[in-house]
Amino acid sequence: MASHKSFATALRRVRKARGLSQEAFSDVSSRTYLSSLERDLKSPTLNKVNELAAVLDVHPLTLLSLGYGGDKPEDLIALLTQVQQELQSLAEPPSSTAT
Numbered sequence: 005m006a007s008h009k010s011f012a013t014a015l016r017r018v019r020k021a022r023g024l025s026q027e028a029f030s031d032v033s034s035r036t037y038l039s040s041l042e043r044d045l046k047s048p049t050l051n052k053v054n055e056l057a058a059v060l061d062v063h064p065l066t067l068l069s070l071g072y073g074g075d076k077p078e079d080l081i082a083l084l085t086q087v088q089q090e091l092q093s094l095a096e097p098p099s100s101t102a103t
């Protein structure tokens with residue numbers, strides 16, 4: 005699985021795909037902070053990921069998925085399949101053999 009380092013690439017990729025400058029985030033972050041995120045000098049909190057995603061008009065999981073899964077559709081599908089399976093297993097009632 006990719007490290008948090010890919011979040012920087014994902015953030016930059018989505019920002020550019022949306023045609024936004026770093027200044028477009030001025031309501032949620034300074035340009036300096038956004039630049040630090042995109043250069044992987046800082047790591048955002050979950051709250052900051054939510055704020056950034058709102059400006060980008062994407063779900064926060066879109067940013068995180070691109071960060072962990074990368075650009076290849078097959079890698080993203082594999083990641084999302086894994087997450088779906090893990091969520092389903094967590095939603096299942098515990099077996100009677102578990103202690």
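Just so it is clear: in the sequence shown, position 97 is 101 by this note's numbering, and no numbers are missing. For glycine and all other residues, C-beta sits at the position ideal for the given N, C-alpha and C.
Check your understanding: Pairing CB atoms from the region 83 to 94 with CB atoms from the region 21 to 34, are three or more of them under 8 Å?
Key -> no
**Study point:** From 36, 75, 62 and 54, residue whose alpha carbon lies closest to that of residue 13
**Key:** As a working note, residue 13 is residue 9 in the sequence shown. Minimum Cα distance to residue 13 is reached at 75.
Check your understanding: Buried or exposed: where does residue 25 fall if 16 or more other Cβ atoms within 10 Å of its Cβ makes it buried?
Key -> Numbered from its first residue, the sequence shown carries residue 25 at position 21. Per the 10 Å Cβ criterion, exposed.
**Study point:** Cα-Cα separation, residue 70 to residue 96
**Key:** Here residue 70 corresponds to residue number 66 of the sequence shown, with the count starting at 1. Here residue 96 corresponds to residue number 92 of the sequence shown, with the count starting at 1. Approximately 28 Å, taken between the alpha carbons.
Review point. To the nearest angstrom, how far is it from the Cα of residue 16 to the Cα of residue 83?
Key: To locate residue 16, count along the sequence shown from 1; it is residue 12. To locate residue 83, count along the sequence shown from 1; it is residue 79. If I take the Cα positions, the gap works out to 20 Å.
Check your understanding: Are residue 65 and residue 73 touching if we call contact CB-CB under 8 Å?
Key -> Position 61 of the sequence shown, counted from the start, is the residue given in the question as residue 65. Position 69 of the sequence shown, counted from the start, is the residue given in the question as residue 73. Their beta carbons are not under 8 Å apart, which means residue 65 does not touch residue 73 by this criterion.
Point to revise | First through last residue of the alpha helix (DSSP H) which encompasses residue 52 | key: Here residue 52 refers to the residue found at position 48 of the sequence shown. First-last of the alpha helix (DSSP H) with residue 52: 50 to 60.
Review point. Is residue 75 helix, strand or coil when you go by DSSP?
Key: Counting from 1 along the sequence shown, the entry for residue 75 is found at position 71. Of the three classes helix, strand and coil, the one that applies to residue 75 here is coil, per DSSP.
**Study point:** Reduced DSSP category for residue 47 - H, G, I as helix; E, B as strand; rest coil
**Key:** Mapped onto the sequence shown, residue 47 falls at position 43. Reduced to three states, the DSSP call for residue 47 is coil.
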